[in-house]
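Colleague: Pasting in a structure now, in structure tokens, and then I'll have a few things to ask.
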Amino acid sequence: MAYLKLIQGNTPGQILELNSGRMVLGRHPNCEIVLDNPAISRQHALLLESHGTYFLEDLRSRNRTFINDTTLQGRVELKDGDVLKVCDYVFSFHSSLPAAEIDPLPPVVPAEAPEPDQDSGAAITLTEPLTDDQLEAAEKFAEEFASEDSSRLTMGGTPELEDQSAGSHQIDVSNENSSIISTMGARSGELHLRVRPEATLRAVLDMTRDLSSVLKLNDVLGKALDGLLRVFAHADSGFVLLREPGRRKLVVSATRIRPSAAIRRRGGTPGSEEDVVRVSMTIVRKVLESCHAVLSADAVRDKRFQQSESLCDLRIRSVMCAPLLAKDGEILGVLQIDTRDPSRQFTEDDLDMFTAVAGTCGLAVENARLHETIVQKKAVERELEFATQVQLGFLPDTQPQVPGYEFDDYYEAAQSVGGDYFDYIRLPDDRIAIAVGDVAGKGVPAALLMARLYSAARYHLLTAPSLGRAMSGLNTEIHSSGLGHRFITCIFTLLDPAKHQVTIANAGHMPPLVRKPSGKVEAVTHADSGMPLGVVSDQEFSETKLKIPPGTSFTWYTDGITEAMNGNREIYGRERLSQCISRAESKPRSTVKAIVEDVEQFSRIQSQRDDMCLVCLRRLATGEVQHEGEKASSSDSSINRRRPTGRRK
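Counting from 245, one number per residue, gives the positions in the sequence shown under my numbering.
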């Protein structure tokens, strides 16, 4: 690895490793190499690496940059032994780092060792020459804090990460500058590397901000692992296991591994299985059982995991694993980072920070899942809204305009779409067929069958020689369509205005209620009513013919009316319906409005359980004049005949 060696400055002999593709030298604290001298520009010069070749470029500094005593012009390739001068600092460039340049590092501080003094000074940067007392304090500071978990790291941010969950593409993190500082003990010559406290805090804050700004679950998990491997730069890899919603099964949802760690694992062999992050469930189970984070400075020697063969096989050394918790304490999964290098151990301080990050990550996962649920729900709502409009398109827009007769109707689905059905079909000789049906069930399946019924009923009514034959043909088609155990109740009524007569064919539906001019209400008895459509294949349906005296009305309805339930679990029933029709004014619009309001009053504290449909027909009384408004559509009525689900006016 290339490096700069300080020749002239506060600590001659200091080694600065160049392990990042882009490193800025300057006075600003965010620079990768901080040179604390007022004569130096905030961002003075730039070191770039491309395919193993290093370049130096001046960033329009005030006092210029010099290379081999020549003013630097543009971007210049660095050669081994080149001398760089930035004001009072002089460096020599070397293309590789010989082992003799660095003395052995201090021994690893075990996780059980007492915590270091937290009152030590801030990050050490390259400053003007220090006094002997300052040098002694700086060396003591470095010895206390530069434990092996950070002292192997080099200046210029963390290495790139390799995404194992998304095709092993690399993620550029070269802009995470000033994460690491490098200092050389003036007396011992030891190289000490330490994560800047302010850089660590910035990395954690950046990760928290990133997690709060994304809502897709995969992005949340990826950013969490990327951030952790920036904060814990000595970690080799990490992964997230999540429980599938509604199940206890854990699945690997995201992984990360450093390219340098992958190369170290596979020994330089491309495509090795070592590139894949593998999971040991021993530690994961420990975290799930205790619901607490686990730290192991050396997992292979940890007595808690000595029975685990997988840890030995995976050669995991130091590891941290924490639960991902929802707001209510539910365990969503686990988060783990680890290293295989025995010289890089996680500490109790690392665990505290890791646990805090895991808490933030758990909330982010919960929010992401809630967002996914909302998005899916809105998508379903949009689809149902479209389905509602399609279904309402099957229903007639207006009532028939027949001299001497009035019509009105009402339809309301229990859900966005429903299985109740009604239609007016104009036949030859000015006859009007009225069809009312009720598909077993409700919701989308019933609505789809209702659409089938709509087209099939029209076809058979327009082509069959009689009402009974039309119902028989419809039954045969429904039975042969492979609808399983679903069936349909249906009633056809044929109005012949010239004869003032109705013909009825019934397939298991409730008989219509007839209101006589006297106000008396009774059901049309139909002894030969057939079975619902689709029950048996071959079925004949008889017909009933009735005269319509002046002032007489017919009301067809579905069981959503009569089976409406109140708070005492009592049903509305046909008797209440008959009484309501008898009390109401005889006009169809008044009758329909009275029924809807009475049912609503009866079941006001209960949600609608079933689709509701009403159709009302009345012959004008003798001498009664039919007003123009009574021939028009009832869309201006106080009752909306095609209202969406559950919205009552």
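Backbone N, C-alpha and C fix where the C-beta goes; we use that ideal spot for every residue, glycine too.
These numbers come from a predicted model, not from an experiment.
When you compare the CB positions of Leu739 and Arg670, do they come within less than 8 Å of one another, or not?
Modeller: Along the sequence shown, read from residue 1 onward, the residue named residue 739 stands at position 495. Along the sequence shown, read from residue 1 onward, the residue named residue 670 stands at position 426. Their beta carbons are not under 8 Å apart, which means Leu739 does not touch Arg670 by this criterion.
Colleague: Would you report the Cα separation of Arg848 and Lys622, rounded to the nearest angstrom?
Modeller: Mapped onto the sequence shown, residue 848 falls at position 604. Mapped onto the sequence shown, residue 622 falls at position 378. Near 28 Å, if we compare the C-alpha coordinates of Lys622 and Arg848.
Colleague: Grab me the residues of Lys760's own chain with a C-beta within less than 7 Å of its C-beta, minus the 5 sequence neighbours each way, in chain order.
Modeller: Working through the sequence shown from its first residue, we reach residue 760 at position 516. Cβ within range, chain order: Thr796.
Colleague: My guess is that Leu473 and Ala479 are in contact by the Cβ rule of under 8 Å, so how many angstroms apart are they, rounded?
Modeller: Taking the sequence shown and counting its residues from 1, one reaches residue 473 at position 229. Taking the sequence shown and counting its residues from 1, one reaches residue 479 at position 235. Between Ala479 and Leu473 the Cβ distance is about 6 Å, and since that is below 8 Å, they are a contact.
Colleague: Kindly confirm or deny that the region 713-727 and the region 649-658 touch, where touching means at least three C-beta pairs closer than 8 Å.
Modeller: Contact between the region 713-727 and the region 649-658 is absent, because fewer than three Cβ pairs lie under 8 Å.
Colleague: Just the Cα atoms here: how many angstroms apart are Arg453 and Pro273?
Modeller: Along the sequence shown, read from residue 1 onward, the residue named residue 453 stands at position 209. Along the sequence shown, read from residue 1 onward, the residue named residue 273 stands at position 29. For Arg453 and Pro273, the distance between alpha carbons rounds to 21 Å.
Colleague: Using the three-state DSSP reduction, which class does Arg862 fall into: helix, strand or coil?
Modeller: In the sequence shown, residue 862 corresponds to position 618, counting from 1. Looking at Arg862 - three-state DSSP - the assignment turns out to be strand.
Colleague: Out of curiosity, what's the CA-to-CA distance linking His338 and Gly270?
Modeller: Reading the sequence shown from its first residue, position 94 is the one you call residue 338. Reading the sequence shown from its first residue, position 26 is the one you call residue 270. Whole-angstrom Cα-Cα distance: 20 Å.
Colleague: What distance in whole Å lies between the Cβ atoms of Val688 and Ala631, which are believed to be in contact at a cut-off of 8 Å?
Modeller: Stepping through the sequence shown from its first residue, residue 631 is reached at position 387. Stepping through the sequence shown from its first residue, residue 688 is reached at position 444. The Cβ separation is near 7 Å, so the contact holds.
Colleague: What three-state label does DSSP hand Asn719 in the structure shown?
Modeller: As a working note, residue 719 is residue 475 in the sequence shown. Three-state result, Asn719: helix.
Colleague: Helix, strand or coil, according to DSSP, for Ile899 in the structure here?
Modeller: The requested residue 899 is not part of the displayed model; the chain covers only 245 to 893.
Colleague: Rounded to a whole number of angstroms, what is the C-alpha to C-alpha distance between Asp450 and Tyr654?
Modeller: Here residue 450 is taken as the residue at index 206 of the sequence shown, counted from 1. Here residue 654 is taken as the residue at index 410 of the sequence shown, counted from 1. Computed Cα separation, rounded: 59 Å.
Colleague: Excluding the 5 residues preceding and the 5 following Ala865 in the sequence, name in chain order all residues of the same chain whose CB lies nearer than 6 Å to its CB.
Modeller: Your numbering for residue 865 matches position 621 in the sequence shown. Contacts found: Pro794 and Gly795.
Colleague: If we require 4 or more residues per run, which alpha helix (DSSP H) segments fall completely within the region 694-772?
Modeller: Counting whole runs of 4 or more residues, the region 694-772 contains the alpha helix (DSSP H) stretches 711-723.
Colleague: Count the other CB atoms within 10 Å of the CB of Ala767; is the residue buried (16 or more) or exposed (fewer)?
Modeller: Taking the first residue of the sequence shown as position 1, residue 767 is located at position 523. By the 10 Å Cβ count, Ala767 comes out exposed.
Colleague: Could you name the residues that DSSP lists as bridge partners for Arg487?
Modeller: Taking the first residue of the sequence shown as 1, we reach residue 487 at position 243. Answer is Leu494.
Colleague: Quick check on Pro273: does DSSP put it in helix, strand or coil?
Modeller: Translated into the one-based positions of the sequence shown, residue 273 becomes position 29. Pro273: coil per DSSP, three-state reduction.
Colleague: Decide if Val495 is buried, meaning its Cβ has at least 16 other Cβ atoms within 10 Å, or exposed.
Modeller: Here residue 495 is taken as the residue at index 251 of the sequence shown, counted from 1. So Val495 counts as exposed.
Colleague: Between Cys860 and Asp652, which are expected to be in contact by the criterion C-beta below 8 Å, what is the C-beta distance as a whole number of angstroms?
Modeller: Position 616 of the sequence shown, counting from 1, holds the residue named residue 860. Position 408 of the sequence shown, counting from 1, holds the residue named residue 652. Contact flag correct, Cβ pair sits at about 5 Å.
Colleague: Exposed or buried, what is Pro644 when buried is set at 16 or more other beta-carbons lying within 10 Å of its beta-carbon?
Modeller: Locating residue 644 in the sequence shown gives position 400, where the first residue counts as 1. It counts as buried.
Colleague: Starting from the Cα of Glu819, find the closest Cα among Lys791, Asp854 and Ile805 and give me that residue.
Modeller: Sequence index remark: in the sequence shown, residue 819 carries index 575 (1-based). Among Lys791, Asp854 and Ile805, the Cα nearest to that of Glu819 belongs to Ile805.
Colleague: When you compare each of Ala714, Met809, Phe590 and Ala684 to His753 by their alpha carbons, which one comes out closest?
Modeller: Here residue 753 refers to the residue found at position 509 when the sequence shown is read from its first residue. The shortest Cα separation from His753 among Ala714, Met809, Phe590 and Ala684 belongs to Ala684.
Colleague: Taking C-beta to C-beta, are Ala749 and Glu787 nearer than 8 Å?
Modeller: Taking the first residue of the sequence shown as position 1, residue 749 is located at position 505. Taking the first residue of the sequence shown as position 1, residue 787 is located at position 543. For Ala749 and Glu787, yes; Cβs fall inside 8 Å.
Colleague: Looking only at C-alpha atoms, which of Ser264, Ala600 and Phe310 sits nearest to Thr297?
Modeller: Here residue 297 refers to the residue found at position 53 of the sequence shown. Comparing Cα-Cα distances from Thr297 to each of Ser264, Ala600 and Phe310, the minimum goes to Ser264.
Colleague: Closest to Ala751 by CA distance: which of Leu248, Val779 and Arg306 is it?
Modeller: What you label residue 751 is simply residue 507 of the sequence shown in a count that begins at 1. The candidate whose alpha carbon is nearest that of Ala751 is Val779.
Colleague: Between Thr747, Tyr816, Ser587 and Val840, which lies nearest to Ser773 when the distance is taken from Cα to Cα?
Modeller: In the sequence shown, residue 773 corresponds to position 529, counting from 1. When each option's Cα is compared against that of Ser773, the closest is Thr747.
Colleague: Find the nearest neighbour of Arg575 within the set Cys605, Thr591, Asp582 and Asp593, judged by alpha-carbon distance.
Modeller: Residue 575 sits at position 331 when you count from the first residue of the sequence shown. In the sequence under discussion, the amino acid at residue 575 is Ile, which differs from the Arg named in the question. Of Cys605, Thr591, Asp582 and Asp593, the residue nearest in Cα terms is Cys605.
Colleague: Looking at Gly726: is its Cβ nearer than 8 Å to the Cβ of Ala690?
Modeller: Translated into the one-based positions of the sequence shown, residue 726 becomes position 482. Translated into the one-based positions of the sequence shown, residue 690 becomes position 446. Their beta carbons are not under 8 Å apart, which means Gly726 does not touch Ala690 by this criterion.
Colleague: Let's see if you can read the secondary structure: which residues bound the beta strand (DSSP E) around Leu790?
Modeller: Reading the sequence shown from its first residue, position 546 is the one you call residue 790. That run of the beta strand (DSSP E) goes Thr788 to Lys791.
Colleague: Using the rule of at least 16 other Cβ atoms within 10 Å of the residue's Cβ for burial, across every protein chain shown, is Gln580 buried or exposed?
Modeller: Along the sequence shown, one-based indexing puts residue 580 at 336. By the neighbour-count rule (16 or more Cβ atoms within 10 Å), Gln580 is buried.
Colleague: If you scan the region 822-859 from start to end, which runs of the alpha helix (DSSP H) of 4 or more residues do you find wholly inside it?
Modeller: List check, alpha helix (DSSP H) in window: 832-846.
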